[in-house]
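Reading through the structure tokens given below for one structure.
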Amino acid sequence: MIHLGFLRFRVLIIFFIGIFFFLFIVGRALQLQMVPNQRLLELASRQYRAAITLFPKRGVIYDRNMNELAMSRKVGSIFANPKTIRNSKQMAQKLSHLTGISYSKIYSKLKSKKSFVWIDRLVNDSVTAKLTQHPLEGVGIIYEYQRFYNNQELAGQLLGMTGIDSQGIEGLEYGYDAILQGQKKSLALMRDARGRTISVDETQFLEAQEGNSLILSLDKSLQFFIERELENQVHKFQARRGLAIVQNSITGEILSLAQYPYFNPNEFKKYPESVWKNQAVTESVEPGSTFKVFLTALALEEGILPSEQFFCENGHFQVNSKDSIREAQKHKYGWLTLADVLKYSSNIGAAKVALQLGKIPFHRKILEFGFGNKTGIDVPGEASGIIRPFKTWEKIDVSNIAFGQGISVTPIQLISAMSAIANGGKLMRPFVVKKIIESETGEIKETEPQILRQVITQEVSQKLTAILMRVIEEDGTGYLAALDEYAVAGKTGTAQKPNLERGGYYPNKFLASFLGFTPADHKGEKFTILVLIDEPKKYYYASQVAAPLFKSVALHTLRLFPSRWVGGTEEDTVTREGFWSILRDPLAGRAGMVPKGLVPEGSESERERKFLAGKFDSVSRRVDQNPSQMPDLRGKSMREVLEFARQAGLILTVKGSGVAVEQSLKVGSALQAGQKCSVTFKTHSP
893 MIHLGFLRFR VLIIFFIGIF FFLFIVGRAL QLQMVPNQRL LELASRQYRA
943 AITLFPKRGV IYDRNMNELA MSRKVGSIFA NPKTIRNSKQ MAQKLSHLTG
993 ISYSKIYSKL KSKKSFVWID RLVNDSVTAK LTQHPLEGVG IIYEYQRFYN
1043 NQELAGQLLG MTGIDSQGIE GLEYGYDAIL QGQKKSLALM RDARGRTISV
1093 DETQFLEAQE GNSLILSLDK SLQFFIEREL ENQVHKFQAR RGLAIVQNSI
1143 TGEILSLAQY PYFNPNEFKK YPESVWKNQA VTESVEPGST FKVFLTALAL
1193 EEGILPSEQF FCENGHFQVN SKDSIREAQK HKYGWLTLAD VLKYSSNIGA
1243 AKVALQLGKI PFHRKILEFG FGNKTGIDVP GEASGIIRPF KTWEKIDVSN
1293 IAFGQGISVT PIQLISAMSA IANGGKLMRP FVVKKIIESE TGEIKETEPQ
1343 ILRQVITQEV SQKLTAILMR VIEEDGTGYL AALDEYAVAG KTGTAQKPNL
1393 ERGGYYPNKF LASFLGFTPA DHKGEKFTIL VLIDEPKKYY YASQVAAPLF
1443 KSVALHTLRL FPSRWVGGTE EDTVTREGFW SILRDPLAGR AGMVPKGLVP
1493 EGSESERERK FLAGKFDSVS RRVDQNPSQM PDLRGKSMRE VLEFARQAGL
1543 ILTVKGSGVA VEQSLKVGSA LQAGQKCSVT FKTHSP
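According to this note's numbering, the sequence shown is numbered sequentially starting from 893.
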């Protein structure tokens, strides 16, 4: 009896234990079904979702007149899920025929055990269209943004380019990458129970915050003109390369920065990496006789009169027992005044001036002008140049540096230093980015001109300008840079190129340059221009090679910015400025618009004539100077909206890019200066 009772007790215990576990399992199951658990949800999500990182729309880069220089467009990228493809060989053949990629390369991707592989990214629209019309099993399309430079080679080295992941790798694209880039987003890939990709969720990607936009100080029309002229001059003299910069002497902003050979950022891989570099900031050169300008500035500051004379040794100066200096072109000058040393570009005269001043003041003034240090320009890769410590300078070093040998400077340093002379002695920080438009808030941040320091007095600036204007006279070295109606102050430079391997200088390799500003006799705005022609053949003197190009660039610059320095009525100002800021349409190809009647000489091709002359019959279109009612801005470009806001005195915020689709102020409402207005822009999807 006791044994039987014990067995029953054991059975009951086992029964109740079983009931307990059954109820626990049912309860746990109900908890999992009814009560959310974040950790489990995440684990489950990983089983049917994967993610790839893509970059949203990159900010636009505009010129000073809101012409687009760099933009982003939505294009397709092809991906595949190898796990869902039954016949990899057959699919590889189809995709190879569709994309042009080799069969073996695609087949190796399709043999992958992954559920997502890229087949080809940023493909041609025609490829996307074919795949959309004739879909393939296990193959899909993801739309992402591709950088596009609609002016092809225009300002290629300045703009730079981006890689396949929309990351800047050169130029402004690299330097302002963090600003231009949008917020990175993960694109969700939906998977089935086996981990196979079944769909793509693009919602989050398409809604990602796009990057901020840049408005440059660059003028598209001027840039095109200078690039064309620079190319012609390089070919004319069979030179190795050329460079030209135009800077606003007063503010420091760069209006044009051109170099040849140029390259197309859309196809940058077709060009050697050496062509990608912005030589104006990354490379340094021996400046030659243009450096005499800054020696003369010191001389005037130290009290040497322009009329003070220096004996130029009849063309041969024995500096010491082993070193001597000769004049270029075998000139045999006797006594020359300080002004004539600069006018006739006497090497011996410059050496005599430098030796009289002494190496310590000379070295100090060189540094004050910004040589040997970065200018602070907002372009990546800036070099400092090379100015050796004055303690290492011997007598021959002082003599050579006086006419630009034995030192190394960048083109941007040269033009900035000359702008200081044009600007009453104020050295300005050069800059290229004029404004930044924040995509999220629409706020516009403007770059303010920055004075670095006063390098010479106003009085010295005026005296030196007068001397530099004499260089352009008929018997001066820069006479071919003279303009008929406008005063030019400048200096030629013909520098022998150093042989960096063997030492010394090449006997037949030269760098021809011209550095000057205009209108030199104008108290207001001026333009500083630097022209460099590297290794010209046949003729190599700057007076023959560089000065004529300076003249062409200067004249065109003054024509493009007439209202800045030419007096006129208010209506005249509107006619000029209104045409340039509003009627200049962006065109496909390497150029911008210039008004009819201002076609540069030598514009012979039909493409250039159409482009340079423009498509307007007249410049009679006027802008309403005092708009009293709010118009409908929908459909207008950002350039047009910004111009209207400027004239109406509105405080404008902008969002997005493309054309205006929404405005905060009601159409027809009364306008008052100082009112705030928000305008939203959108780009039409393809």
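Backbone N, C-alpha and C fix where the C-beta goes; we use that ideal spot for every residue, glycine too.
All figures in this text were calculated on a predicted structure; none of them were measured in a lab.
Close Cβ partners of Ile1543 (< 6 Å) along its chain, the five nearest in sequence each way excluded:
Taking the sequence shown and counting its residues from 1, the one referred to as residue 1543 is at position 651. Here the set comprises Lys1568.
Using the Cα positions of Pro1428 and Arg1132, report the straight-line distance between them to the nearest angstrom.
Counting from one through the sequence shown, the residue named residue 1428 turns up at place 536. Counting from one through the sequence shown, the residue named residue 1132 turns up at place 240. One C-alpha to the other measures close to 7 Å.
Any chance you could list the alpha helix (DSSP H) runs of at least 4 consecutive residues sitting entirely within the segment 1258 to 1294, in chain order?
For the segment 1258 to 1294, whole alpha helix (DSSP H) runs of length 4 or above, ordered along the chain, are 1287 to 1294.
For Asn1016, which three-state DSSP category applies?
Sequence index remark: in the sequence shown, residue 1016 carries index 124 (1-based). Asn1016 falls in the coil class under three-state DSSP.
Same chain, Cβ closer than 8 Å to Glu1194, five either side skipped, listed in chain order
To locate residue 1194, count along the sequence shown from 1; it is residue 302. For Glu1194, where only same-chain residues beyond five positions count, the Cβ hits under 8 Å are Leu1249 and Pro1253.
Name the DSSP bridge partner or partners of His1414?
Position 522 of the sequence shown holds residue 1414. His1414 pairs with nothing; no bridge assigned.
How big is the Cα-Cα spacing for Leu1392 and Ser1570?
The residue given as residue 1392 occupies position 500 in the sequence shown. The residue given as residue 1570 occupies position 678 in the sequence shown. One C-alpha to the other measures close to 58 Å.
From Ala1552, Gly1370 and Thr1384, pick the residue whose C-alpha is nearest to that of Ser1181; which is it?
For the purposes of this step, residue 1181 is identified with residue 289 of the sequence shown, where counting begins at 1. The option with the nearest alpha carbon to Ser1181 is Thr1384.
For Ile1142, the nearest candidate out of Gln1555, Val1551, Pro1341 and Asp1524 (CA to CA)
The residue given as residue 1142 occupies position 250 in the sequence shown. Of the candidates Gln1555, Val1551, Pro1341 and Asp1524, the one whose C-alpha sits nearest the C-alpha of Ile1142 is Pro1341.
Do Trp1227 and Glu1062 have their beta-carbon atoms positioned less than 8 Å apart in this structure?
On the sequence shown, residue 1062 is found 170 positions in, with the first residue counted as 1. On the sequence shown, residue 1227 is found 335 positions in, with the first residue counted as 1. In this structure, Trp1227 does not lie closer than 8 Å to Glu1062 by Cβ.
Through-space distance from Phe1536 to Leu1563, alpha-carbon basis:
Sequence index remark: in the sequence shown, residue 1563 carries index 671 (1-based). Sequence index remark: in the sequence shown, residue 1536 carries index 644 (1-based). Approximately 12 Å, taken between the alpha carbons.
I need the straight-line Cα distance from Gly1296 to Thr1339, nearest angstrom please.
As a working note, residue 1296 is residue 404 in the sequence shown. As a working note, residue 1339 is residue 447 in the sequence shown. Those two C-alpha atoms are separated by around 33 Å.
Bridge partners - Val1177, DSSP secondary structure assignment:
As a working note, residue 1177 is residue 285 in the sequence shown. In DSSP, Val1177 forms a bridge with Val1301.
What residues in its chain sit with their C-beta under 6 Å from that of Val856, if we drop five residues either side in the sequence?
Limits of the chain in this structure are 893 at one end and 1578 at the other, which puts residue 856 out of reach.
Exposed or buried, Leu1135, counting other C-beta atoms within 10 Å across all chains shown (16 or more means buried)?
In the sequence shown, residue 1135 corresponds to position 243, counting from 1. Under the 10 Å beta carbon count, Leu1135 is surrounded by 16 or more other beta carbons and is classified as buried.
Once the 5 residues before and after Gly1560 are set aside, which same chain residues still bring their CB inside 7 Å of it?
Here residue 1560 refers to the residue found at position 668 of the sequence shown. Cβ within range, chain order: Gln1521 and Met1522.
Going by beta carbon distance, what residues of the same chain come within less than 7 Å of Asp1270, once the five residues before and after it are set aside?
Residue numbering aside, residue 1270 sits at position 378 when the sequence shown is read from its first letter. Closer than 7 Å at Cβ, skipping near neighbours: Gly1067, Phe1323, Val1324 and Val1325.
Which of the three DSSP states is assigned to Val1380 in this structure?
The residue given as residue 1380 occupies position 488 in the sequence shown. When secondary structure is reduced to three states using DSSP, Val1380 falls in the coil class, being assigned neither helix nor strand.
Taking only three categories from DSSP, how would you classify Tyr1236?
The residue given as residue 1236 occupies position 344 in the sequence shown. Reduced to three states, the DSSP call for Tyr1236 is coil.
Can you tell which of Gln1350, Ala1438, Thr1420 and Ile1336 has the C-alpha that lies nearest to the C-alpha of Leu1372?
For this step, residue 1372 is matched to residue 480 along the sequence shown. The option with the nearest alpha carbon to Leu1372 is Ala1438.
Runs of alpha helix (DSSP H) wholly within the segment 961 to 996 (minimum 4 residues, chain order):
DSSP runs (the alpha helix (DSSP H)) wholly in the segment 961 to 996: 980 to 991.
For a test of the three-state rule: what should DSSP assign to Gln1101, helix, strand or coil?
Along the sequence shown, read from residue 1 onward, the residue named residue 1101 stands at position 209. Note: Gln1101 maps to coil in three-state DSSP.
Less than 6 Å between C-beta atoms, sequence neighbours within five positions excluded: which residues of the same chain meet that for Lys1224?
The sequence position of residue 1224 within the sequence shown is 332, counting from 1. If we look at Lys1224 and ignore the five residues flanking it on each side, its Cβ neighbours are Asn1206 and Gly1207.
Would you decide whether Asp1232 is buried or exposed? Buried here means 16 or more other CB atoms lie within 10 Å of its CB.
Mapped onto the sequence shown, residue 1232 falls at position 340. When all chains shown are included, Asp1232 counts as buried.
Are the segment 1418 to 1432 and the segment 1397 to 1406 touching, with three or more C-beta to C-beta distances below 8 Å?
In short, these stretches touch, since the Cβ pair count reaches three.
Candidates Phe1202, Glu1178, Ile1279 and Val918: which alpha carbon is nearest Lys1251's?
Working through the sequence shown from its first residue, we reach residue 1251 at position 359. Comparing Cα-Cα distances from Lys1251 to each of Phe1202, Glu1178, Ile1279 and Val918, the minimum goes to Ile1279.
Just to confirm, are Gly951 and Ile1056 a CB contact at a threshold of 8 Å?
Locating residue 951 in the sequence shown gives position 59, counting from the first residue. Locating residue 1056 in the sequence shown gives position 164, counting from the first residue. Contact: no.
Neighbourhood of Leu904 by C-beta, 8 Å cutoff - its chain only, sequence neighbours within 5 removed
Working through the sequence shown from its first residue, we reach residue 904 at position 12. Excluding sequence neighbours, Leu904 sits near nothing in its chain.
CA-CA distance, Ala1358 and Ser1113?
Looking up residue 1358 in the sequence shown gives position 466. Looking up residue 1113 in the sequence shown gives position 221. If you take the alpha carbons of Ala1358 and Ser1113, they lie about 31 Å apart.
Could you tell me which residues DSSP pairs with Leu1422 in its beta bridges?
Position 530 of the sequence shown, counted from the start, is the residue given in the question as residue 1422. DSSP, once it has assigned bridges, lists Ile1137 and Leu1407 as partnering Leu1422.
Have a look at Asn1400, Lys1401 and Glu1260 and flag the residue whose alpha-carbon is nearest the alpha-carbon of Ile1348.
Here residue 1348 corresponds to residue number 456 of the sequence shown, with the count starting at 1. That would be Glu1260, whose Cα lies nearest to the Cα of Ile1348.
In whole angstroms, what separates the C-alpha of Leu1192 from that of Lys1355?
For this step, residue 1192 is matched to residue 300 along the sequence shown. For this step, residue 1355 is matched to residue 463 along the sequence shown. A straight line joining the alpha-carbon of Leu1192 with that of Lys1355 spans about 8 Å.
Please name the residue in Tyr1432, Glu1145 and Arg1451 whose C-alpha comes closest to that of Pro1411.
Working through the sequence shown from its first residue, we reach residue 1411 at position 519. When only C-alpha atoms are compared, the closest one is Arg1451.
Express the C-alpha separation of Asn1158 and Tyr1041 in angstroms, rounding to a whole number.
For the purposes of this step, residue 1041 is taken as residue 149 along the sequence shown, with counting starting at 1. For the purposes of this step, residue 1158 is taken as residue 266 along the sequence shown, with counting starting at 1. Each residue's alpha carbon lies about 6 Å from the other.
Could you check what DSSP says for Pro1440 in three-state terms: helix, strand or coil?
As a first step, residue 1440 is located in the sequence shown; it is residue number 548 there, counting from the start. If DSSP states are grouped into helix, strand and coil, Pro1440 belongs with the helices.
Test item: CB-CB of Gln1305 and Gly1370 under 8 Å
Taking the first residue of the sequence shown as position 1, residue 1305 is located at position 413. Taking the first residue of the sequence shown as position 1, residue 1370 is located at position 478. No. Outside cutoff.
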